[in-house]
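See below for the structure under consideration.
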Amino acid sequence: MNDTKIWGLGLGPGDPDLITVKSLKILQQVDVIAYPAPLEGDSLTRTIAAPHLRGDQAEIAIRVPMVVERYPAQEIYDGAALEIADHVRQGKSVAILCEGDPFFYGSFMYLFSRLAEEFEIDVVPGVSSLAASAAGLGMPLSERNEVVTVIPAPLDEAEIEARLKATEVAAIMKVGRHFKKVKRVLDRLGLTVHAGYIERATMKEQRILDLTEMADDEAIYFSMIIVRRDGGDQR
Ligand SMILES: C[S@@+](CC[C@H](N)C(=O)[O-])C[C@H]1O[C@@H](n2cnc3c(N)ncnc32)[C@H](O)[C@@H]1O
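Under my numbering, the first residue of the sequence shown carries the number 0, and numbering increases by one thereafter.
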């Protein structure tokens, strides 16, 4: 480790074996770990790190209500940033754990923006859910000059449709309760047969479901739909 006192550590999409060697080394050396957690219950991010933890590190669980479509819970991140800063001022090193990659739709951003002015922060990239979902579905993400578009499912229906029309490959994230809307657009564009649904990619509970057979309320938040306009035929 160099002099950096704060790390944003990408831990990968769920399988603890998908953590990088670099993240693993830092995870096992820091004094303090901080991670997002629901108001009650276990933190998915901590679960990914769990098999690798020394057992004697101080922990900061950043408990954020899992409100659908939440905006950053400002006071909670303010408080967490102060707590992390306190540790660092006392000479402690802190790793902020992130599911997947820290800078790919990660809540880490809210801490980064609060701490980066005062402290040096090293961001260690991680295997993102995008890579994990493509691999799990066996669907190549891009070839030659194809455009890949990442579409958050909470966007409104017309926006999703416009983005899908304008791209060759799309990854639709945060599907959950937006599944019915997304499926409606895919059906309208004739893309449902070219789409794959995967949830909890790389985790023990990973499931791949056939979109045409899914109930409207069956999709979960930790899921992704990948759709290729060409249907995945790269010959
Ligand atoms: C807040 S974003 C975090 C993304 C994360 N930083 C990354 O690099 O993958 C959460 C969204 O990522 C996607 N996601 C995260 N982990 C996933 C997994 N293991 N399988 C499928 N999708 C996942 C889902 O679309 C979920 O709604």
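In this text, a Cβ means the ideal position worked out from N, Cα and C, and glycines have one as well. Bear in mind that the values here come from a model prediction, so they are computed numbers and not experimental data.
Note the first and the last residue of the continuous beta strand (DSSP E) segment covering Tyr196. That run of the beta strand (DSSP E) goes 194-198.
Given the structure, does Glu198 come close to ligand 1, in the sense that its CB is under 7 Å from one of the ligand's heavy atoms? Glu198: yes, Cβ under 7 Å from ligand 1.
Can you find a heavy atom of ligand 1 that lies under 7 Å from the Cβ of Asp100? Yes, the beta carbon of Asp100 sits closer than 7 Å to at least one heavy atom of ligand 1.
Which residue marks the beginning of the alpha helix (DSSP H) containing Val184, and which one marks its end? 178-187 is the extent of the alpha helix (DSSP H) around Val184.
What are the boundary residues of the beta strand (DSSP E) that Ala170 is part of? Taken as a continuous stretch (DSSP letters only), the beta strand (DSSP E) holding Ala170 covers 168-172.
Given a cut-off of 8 Å on the beta-carbon distance, is the pair Ile225 and Ser132 in contact? Against a cut-off of 8 Å, the Cβ pair of Ser132 and Ile225 comes out as a contact.
Compute the minimum distance between the beta carbon of Lys173 and the heavy atoms of ligand 1, and state whether it is under 7 Å. At least one heavy atom of ligand 1 falls within 7 Å of the beta-carbon of Lys173.
Proximity of Thr44 and Cys97 at Cβ, strictly below 8 Å: Yes, Cβ-Cβ distance for Thr44 and Cys97 is below 8 Å.
In angstroms, rounded to a whole number, what distance separates the CA positions of Ala194 and Glu145? Taking the straight line from one Cα to the other gives about 16 Å.
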